[in-house]
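K.L.:
Protein chains in written order, with the numbering used here: chain D, 114 to 572; chain X, 13 to 107. Glycine is no exception: its CB is placed at the ideal position from the N, C-alpha and C atoms. What follows is a single structure, and I will ask about it in a moment.
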């Protein structure tokens with residue numbers, strides 16, 4: 114099994130993702146019942162997006178490679194691993210052999226689990242399979258086997274569905290969103306780790322008393338919510354600390370602002386290409402189960418408009434920078450950077466655990482990201498290899514190191530990184546045990562019902 | 013021409029999914045509009061110059077005062093899409 118998967122992986126690797134991904138997407142579109150022209154347009158749009166993203170990631174590499182090392186040396190902080198941010202990481206993850214195959218794998222697994230009655234979530238958010246692709250690619254790097262990477266990715270597709278089912282009652286009550294769930298590891302993964310700490314915090318009376326007003330924070334820190342300003346500020350600060358002259362500082366500031374604005378623009382093209390596939394997939398899947406009730410699986414971005422989530426997400430910017438410095442003695446080398454802009458994904462599903470308390474949400478966010486940062490440092494060689502394989506950035510050996518703050522810090526990323534370093538049989542057994550464990554939690558302790566109950570408040 | 017803002021958490025993911033559906037809808041119905049995508053966190057009342065905002069997420073009250081807001085979630089889930097499109101069409105056809 115593993116060797117067949119690896120042969121497929123090697124074949125894909127040789128062709129290159131800009132060729133393979135459009136073919137897979139076009140064929141998948143046809144299977145899902147799309148018209149040929151529409152399916153082909155989806156595939157081509159994705160290929161074009163890849164070209165654009167890799168160009169802009171190249172711009173990031175050019176600016177940051179040297180800067181990161183200089184910053185680490187001159188400041189003596191040792192923070193020399195650059196966070197490339199989730200938008201670039203998503204494209205890079207989809208561009209790996211595991212990523213090329215993840216969408217069909219995800220759809221098939223979701224169908225099988227629905228058939229077996231093991232999940233209620235119909236995941237139409239095919240875009241966010243990139244998180245599983247990322248985990249799979251990390252595993253493929255560490256084991257040297259695309260086959261094992263695909264297995265790890267598949268395990269996490271199932272895990273995400275179980276997490277979505279588990280958290281659904283709580284999310285429905287807190288955000289007042291019926292009929293949907295969030296199999297989105299970039300939020301649900303953190304929630305899993307934050308849950309025990311949240312349970313503890315709820316037992317400490319004085320913590321819950323310090324009510325921070327989300328609206329004030331949102332208005333004060335609002336400017337940091339704009340990537341163009343955040344990019345400029347961070348670029349200027351980094352360049353200044355790295356000892357560049359005034360012209361260098363300004364150029365770096367502008368370039369980082371450009372990176373923060375341009376990469377997302379390119380990534381939105383990728384989503385545009387995937388969107389019709391998502392629609393076709395959801396129609397295809399709902400047709401297989403007429404009359405059944407589902408939770409429609411969505412991107413946790415839907416939750417982010419909540420004032421508590423935005424406020425605590427903005428507070429994550431200083432918290433993450435502070436943590437990076439504090440955790441240097443514990444081995445942190447990650448310099449939080451592009452993903453500073455999207456702390457809201459960390460807080461989106463943590464906030465309901467503490468009834469939207471801004472201080473507690475930020476504290477929990479700090480705990481999961483603090484733990485996560487140590488691991489983003491450890492995952493850096495795998496991410497650097499992925500960036501290099503994407504072919505867009507010329508990395509001088511031993512000079513630049515990259516990581517992804519958001520995804521490296523998702524517990525599932527680092528847990529499976531370690532699991533798959535054991536012999537295959539053991540890795541598979543542990544994976545199975547974890548899946549059964551998560552399923553047990555989902556069935557026996559549904560969030561918002563058995564645990565983390567929400568008190569009905571008058572509006 | 014009427015201005016439509018599509019707003020989501022990042023201005024990237026879910027807003028792009030909506031954009032594809034809205035573009036298709038406008039095209040099929042011979043409608044035209046200027047569409048831009050924004051992040052919810054960067055939207056402040058003084059920056060808003062829109063006839064209608066379609067958001068995939070909760071919208072803060074001060075934004076609701078600044079422009080007419082439609083909940084775009086049905087376009088993501090595929091349940092109740094026509095209600096959103098009807099509302100959008102009505103606004104685009106207003107003089």
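1) Pairs of beta-carbons, one from the segment 481-488 of chain D and one from the segment 407-419 of chain D, closer than 8 Å: are there three or more?
2) Give a yes or no on whether the minimum CB-CB distance between residue 591 of chain D and chain X is below 8 Å.
3) Taking residue 228 of chain D as the reference, give the member of D/402, D/298, D/154 and D/528 with the closest Cα.
4) Could you check how far apart the C-beta atoms of residue 458 of chain D and residue 283 of chain D are, in whole angstroms? I think they sit under 8 Å.
5) Between the C-alpha atoms of residue 514 of chain D and residue 148 of chain D, what's the straight-line distance to the nearest angstrom?
6) Using 8 Å as the limit for Cβ to Cβ distance, is residue 79 of chain X near chain D?
7) Between the alpha carbons of residue 571 of chain D and residue 464 of chain D, how many angstroms are there, rounded?
8) How about residue 90 of chain X: is its C-beta nearer than 8 Å to some C-beta of chain D?
9) Could you check the C-alpha separation between residue 510 of chain D and residue 342 of chain D for me, to the nearest Å?
10) Just confirm the distance between the C-beta atoms of residue 489 of chain D and residue 522 of chain D, as a whole number of angstroms; I'd bet it's less than 8 Å.
11) In chain D, what lies closer than 9 Å to residue 100 of chain X by C-beta?
12) Does the beta carbon of residue 411 of chain D come closer than 8 Å to any beta carbon on chain X?
13) Return helix, strand or coil for residue 510 of chain D, following the three-state DSSP convention.
14) Can you confirm whether residue 62 of chain X, when its beta carbon is compared against all beta carbons of chain D, has any partner nearer than 8 Å?
15) Of all the options D/239, D/206, D/438 and D/338, which has the alpha carbon lying nearest to the alpha carbon of residue 141 of chain D?
16) So is residue 59 of chain X buried or exposed if we call it buried at 16+ other beta carbons inside 10 Å?
17) Where residue 159 of chain D and residue 46 of chain X are concerned, what is the direct C-alpha to C-alpha distance, given to the nearest angstrom?
18) Would residue 552 of chain D pass as a contact of residue 275 of chain D if the rule is Cβ separation under 8 Å?
19) Closer than 9 Å, Cβ to any Cβ of chain X: which residues of the segment 391-404 of chain D, in chain order?
20) Is there contact here, the segment 429-449 of chain D with the segment 256-272 of chain D, by at least three beta-carbon pairs under 8 Å?
21) Could you give the C-beta distance for residue 101 of chain X and residue 43 of chain X, rounded to a whole number, given that I count them as a contact under 8 Å?
22) DSSP has residue 67 of chain X in a bridge; who is on the other side?
23) Let me make sure I understand the geometry here. Which of D/495, D/542, D/536 and D/300 has the alpha-carbon closest to that of residue 194 of chain D?
24) Quick one: grab the DSSP three-state call for residue 48 of chain X.
25) In whole angstroms, what separates the C-alpha of residue 298 of chain D from that of residue 407 of chain D?
26) For residue 344 of chain D, which residues in the same chain have their Cβ closer than 6 Å to its Cβ, ignoring the five residues on either side in sequence?
27) Roughly how many angstroms separate the alpha carbons of residue 54 of chain D and residue 429 of chain D, rounded to a whole number?
28) Tell me whether the beta-carbon of residue 217 of chain D lies closer than 8 Å to the beta-carbon of residue 121 of chain D.
29) Note down, in chain order, each residue of its chain lying with its Cβ closer than 7 Å to the Cβ of residue 393 of chain D, except the 5 sequence neighbours on either side.
30) Under 9 Å Cβ-Cβ, which residues of chain X neighbour residue 220 of chain D?
P.N.:
According to the structure shown:
1) no
2) In this structure chain D extends from 114 to 572, so residue 591 of chain D is not present and cannot be described.
3) D/402
4) Actually they are not in contact, since the Cβ atoms of residue 458 of chain D and residue 283 of chain D sit about 17 Å apart, beyond 8 Å.
5) 43 Å
6) no
7) The predicted model places residue 571 of chain D with a pLDDT of 41, which falls under 50 and marks its position as unreliable, so this point remains unresolved.
8) yes
9) Residue confidence for residue 510 of chain D is low, a pLDDT of 49 falling below 50, so the modelled location carries little weight; the figure read from the coordinates is stated next. Between residue 510 of chain D and residue 342 of chain D, the C-alpha separation is close to 32 Å.
10) 6 Å
11) Within 9 Å Cβ-Cβ: nothing; residue 100 of chain X doesn't reach chain D, min ~17 Å.
12) yes
13) Legend: pLDDT at residue 510 of chain D = 49, less than 50; position of this residue unreliable, value from coordinates given subsequently. Residue state, collapsed to three classes: coil.
14) no
15) D/239
16) exposed
17) 24 Å
18) yes
19) 391, 392, 395, 396 and 399
20) no
21) 7 Å
22) X/19 and X/83
23) D/495
24) strand
25) 19 Å
26) 369, 370 and 373
27) Outside the modelled stretch of chain D, which goes from 114 to 572, sits residue 54 of chain D, for which no answer is possible.
28) no
29) 142, 145, 146 and 147
30) By Cβ distance, chain X contributes nothing, its closest Cβ being about 15 Å from residue 220 of chain D, past 9 Å.
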